[in-house]
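Participant: In numbering that gives the first Met the number 0, the protein residues as written are 0 to 258. Cβ atoms here follow ideal geometry from the backbone N, Cα and C, with glycine treated the same way. For clarity, every value in this text was computed on a predicted model and none was experimentally measured. Before we start, here is the structure in question, set down as structure tokens.
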Amino acid sequence: MALGRINKLETFGSVDGPGVRFVVFLQGCPMRCKFCHNPETWSFDIAGRDSGSNVRATLPNENPFEISAGDLLKKALRYKSYWGAEGGITVSGGEPLAQLDFMVEFFELAKAAGVHTCIDTSGVTFRRTGETFEKIERLMKVTDLLLVDIKHIDNVVHKELTGHGNENILEFFRYLDEIHKPIWIRHVLVPGISDDDNALKRTRAFIDTLSNVERVDVLPYHALALAKYQQLGIDYALKDVKSPTPERVENAKRILNFR
Numbered sequence: 000m001a002l003g004r005i006n007k008l009e010t011f012g013s014v015d016g017p018g019v020r021f022v023v024f025l026q027g028c029p030m031r032c033k034f035c036h037n038p039e040t041w042s043f044d045i046a047g048r049d050s051g052s053n054v055r056a057t058l059p060n061e062n063p064f065e066i067s068a069g070d071l072l073k074k075a076l077r078y079k080s081y082w083g084a085e086g087g088i089t090v091s092g093g094e095p096l097a098q099l100d101f102m103v104e105f106f107e108l109a110k111a112a113g114v115h116t117c118i119d120t121s122g123v124t125f126r127r128t129g130e131t132f133e134k135i136e137r138l139m140k141v142t143d144l145l146l147v148d149i150k151h152i153d154n155v156v157h158k159e160l161t162g163h164g165n166e167n168i169l170e171f172f173r174y175l176d177e178i179h180k181p182i183w184i185r186h187v188l189v190p191g192i193s194d195d196d197n198a199l200k201r202t203r204a205f206i207d208t209l210s211n212v213e214r215v216d217v218l219p220y221h222a223l224a225l226a227k228y229q230q231l232g233i234d235y236a237l238k239d240v241k242s243p244t245p246e247r248v249e250n251a252k253r254i255l256n257f258r
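Set out below in structure tokens:
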């Protein structure tokens, strides 16, 4: 039995998939996205310190915890009457695919209970080989929908922005297309980084190669998480970047409006 490392639970989520969602934010993520609004989920250590650094792992008012898949599902099912026909459970993070054993067990139980399942993932840990791929294949059989970011289509810029290249992520998109798994694509629009027309057109060209995309969302960058970074003692690299103008947001929507 695998235990899930949980940062927090949200009982009435409305933006993490269709309908009303019970949202599970897992603890731990290998990426360090400069615009991340949940830096408290980065560390895989739930004890309160970030391993190998002098910064806090979690916010002072939050208490990450471990829980079994069965016990977590019991918590979620208390709210099932609010989900309606479209709602269900979304697992976000952190990075859900970094806790594959727990995810497989949790979603297998959820599907057995008739729950719509959704994963909000970067896809950065995806591999087509070995035990990891076997677990991903098993997980996909009990996953109804995935929310996946294209943070930047250019590999070099992607690495500067997140700490990782995008090769595994783009391959993950191709894999999900091959197995006909529905996805929602999200693109965070950061002025001067991910909002130039050339990159947006390249992103659109990649999206057009996929047949499983249900929607594409443009998410305007904001600095609302600045206070979290200050509490955690982490430098906020984009503190001087302003939110995109409405005109730039509409421009991105026009370019990425794939259908």
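Using a Cβ-Cβ cutoff of less than 7 Å, which residues in the same chain neighbour HIS221 once the five nearest sequence positions on both sides are dropped?
Facilitator: SER242
Participant: Grouping DSSP H, G and I as helix and E and B as strand, with all else coil, what is HIS115?
Facilitator: strand
Participant: Any idea if THR120 is buried or exposed, counting beta-carbon neighbours within 10 angstroms, 16 or more meaning buried?
Facilitator: buried
Participant: Would you check if the distance between the CB atom of LEU2 and the CB atom of GLU94 is smaller than 7 Å?
Facilitator: no
Participant: Chain D beta carbons: is any one of them nearer than 7 Å to that of ALA112?
Facilitator: Protein chains in the displayed structure number just one, and chain D is not present.
Participant: So what does DSSP say about ARG77, is it helix, strand or coil?
Facilitator: When secondary structure is reduced to three states using DSSP, ARG77 falls in the coil class, being assigned neither helix nor strand.
Participant: Shortest alpha-carbon distance to VAL215 belongs to which of ASP207, ILE184, LEU225, ALA236?
Facilitator: Relative to VAL215, the option among ASP207, ILE184, LEU225, ALA236 whose CA is nearest is ILE184.
Participant: Considering only C-alpha positions, which residue in the set PHE125, LEU188, LEU169, LEU199 is nearest to LEU218?
Facilitator: Residue LEU188 is the option with its Cα nearest to LEU218.
Participant: DSSP three-state call for SER50: helix, strand or coil?
Facilitator: With a pLDDT of 43 at SER50, under the threshold of 50, the modelled position of that residue is not reliable, and the figure given next carries that caveat. Reduced to three states, the DSSP call for SER50 is coil.
Participant: Since TRP183 sits in a beta bridge, which residues does DSSP pair it with?
Facilitator: LEU146, ARG214
Participant: From LEU160 to MET30, what does the alpha carbon distance come to, in whole angstroms?
Facilitator: About 10 Å.
Participant: Might you give, ordered along the chain, the residues of its own chain that have their beta carbon closer than 6 Å to the beta carbon of HIS151, omitting 5 neighbours on each side?
Facilitator: HIS157, LEU160, SER193
Participant: To the nearest angstrom, report how far apart ASN211 and LEU145 are at their CA atoms.
Facilitator: Rounded to the nearest angstrom, the two C-alpha atoms are 10 Å apart.
Participant: Specify the secondary structure class of THR202 as computed by DSSP and reduced to three states.
Facilitator: helix
Participant: Mind checking who ARG4 pairs with in its DSSP beta bridge?
Facilitator: GLU65
Participant: Are the stretch 83-94 and the stretch 111-119 touching, with three or more C-beta to C-beta distances below 8 Å?
Facilitator: Using a Cβ-Cβ distance cut-off of 8 Å, the stretch 83-94 and the stretch 111-119 are in contact, since at least three pairs of beta carbons, one from each stretch, lie closer than that value.
Participant: Just how far apart, CA to CA, sit ILE5 and MET139?
Facilitator: Their backbone Cα atoms lie some 21 Å apart in a straight line.
Participant: From LEU223 to GLY232, what distance separates their C-alpha atoms?
Facilitator: 16 Å
Participant: Would you mind reading off the limits of the beta strand (DSSP E) that contains MET20?
Facilitator: According to the sequence shown, residue 20 is Arg rather than Met. Segment 20-25, the beta strand (DSSP E) holding ARG20.
Participant: Go through its chain and collect everything with a Cβ distance to PHE106's Cβ below 7 Å, but skip five positions before and after it.
Facilitator: THR116, LEU138, VAL141, THR142
Participant: Do ILE182 and VAL147 have their C-beta atoms closer together than 7 Å?
Facilitator: In this structure, ILE182 sits near VAL147, with a CB-CB distance shorter than 7 Å.
Participant: Helix, strand or coil: how does DSSP classify GLY87 here?
Facilitator: strand
Participant: Are the CB atoms of ALA251 and LEU199 within a distance shorter than 7 Å?
Facilitator: yes
Participant: Please state whether the Cβ-Cβ distance between THR40 and PHE24 is less than 7 Å.
Facilitator: Yes, the Cβ-Cβ distance between THR40 and PHE24 is below 7 Å.
Participant: Taking the alpha-carbon positions, what's the VAL248 to ARG203 distance?
Facilitator: Within the model, the alpha-carbon separation for VAL248 versus ARG203 is close to 15 Å.
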